[in-house]
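**Q**
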Amino acid sequence: MKIRVKVKQALADLKRKRELLKSLTYKEVKKEANQTARNLAAKTPRKWSGKTRKAWRVIDKSGGNKIHFRVENPSPVMAFLEFGTKERRPRKSRHLFIPLRKSAWRKGGYRKGMKYGRDFIFAKKARGIKAISLLPVQIKRTRQRLRSRLGKASKKIQVSG
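Residue 241 in our numbering sits at position 156 of the sequence shown, and the numbers go up by one each step.
1) If distances are taken between C-alpha atoms only, which option among G198, A118, W133 comes closest to F147?
2) Strictly by DSSP, which residues pair up with I183?
3) Could you pull the DSSP bridge partners for A211 from this structure?
4) Am I right that P249 and F205 are in contact with their C-beta atoms under 8 Å? What's the rounded C-beta distance?
5) Let me check understanding here. Comparing Cα to Cα, which of V156, M163, V114 lies closest to S134?
6) Using a threshold of 8 Å, state whether the C-beta atoms of G169 and G213 are closer than that.
7) Closest by CA to R142, which one among R203, T121, A189, R179?
8) So if DSSP puts F154 in a beta bridge, which residue, or which two residues, is it bridged to?
9) For A208 and K136, I'd like the C-alpha separation in whole angstroms.
10) Contact between the region 95 to 114 and the region 221 to 230 is defined here as three or more beta-carbon pairs at a separation below 8 Å; is this criterion met?
11) Find the nearest neighbour of E167 within the set A216, K192, K87, K240, judged by alpha-carbon distance.
12) Does Y111 come out as helix, strand or coil in the three-state DSSP assignment?
13) Assuming I144 contacts V114 under a Cβ cut-off of 8 Å, what Cβ separation, rounded to an integer in Å, is found between them?
14) Less than 7 Å between C-beta atoms, sequence neighbours within five positions excluded: which residues of the same chain meet that for L220?
15) Within a Cβ cutoff of 7 Å, which residues of the same chain sit near A189, ignoring the five residues on either side of it in sequence?
16) Mind checking which residues open and close the alpha helix (DSSP H) that includes M86?
17) Just tell me which of R173, R131, Y111 has its CA closest to the CA of G149.
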């Protein structure tokens, strides 16, 4: 009785499956990164200009054997929203200058002709921003979806191979 093993064919099969798995994994991770960016953008408040919401982006940092996508929002406002801010008090003067209109904010302080109560107000302190904490919830959701996507991708290879 003779047993024949086609080693070259088996190695070629393994190599083909590895390449297929890598390409499917890349596609699924990319889809998940884009989905995560869409979810974060939808949860980001669009209150003032909407630029913070539009600033979410996906950066592909893949290379060689690693698959790496980064979902980020470079807007400094997003850092304030995510982590919150503390209470503000004046440093040198007695009161904080709080602009009520964009024109007063652009001028950077009191200018002749501004009206108290319409253009600006003075306050002893200003409350901080409460953190909205989008990331911890989204990280859990993304991990669950990615696990599911990669499981389905591996099943495709097992069925097709």
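Heads up, the beta-carbon is just placed ideally off N, CA and C, and yes, glycines get one too.
Note that this is a predicted model, so its numbers are computed, not measured.
**A** A quick look at the data gives this:
1) Here the sequence assigns Ser to residue 147, which means Phe is not the residue at that position. Measuring from the Cα of S147, the nearest candidate turns out to be A118.
2) I206
3) R173
4) The shown model of the chain, from 86 to 246, leaves out residue 249, and the question about it has no answer.
5) M163
6) yes
7) With distances taken between Cα atoms, R142 lies closest to T121.
8) Looking at the DSSP output, F154 bridges to D145.
9) 28 Å
10) Cβ pair count under 8 Å is below three, so no.
11) A216
12) Y111: helix per DSSP, three-state reduction.
13) Rounded, the Cβ-Cβ distance is 13 Å, inconsistent with contact.
14) E167
15) Sequence-distant partners of A189 (beyond 5 residues in either direction) whose C-beta falls short of 7 Å from its own C-beta, in its chain, are M199, D204, F205.
16) Careful: M86 lies outside any alpha helix (DSSP H) and carries neither H nor E.
17) Per the Cα distances, Y111.
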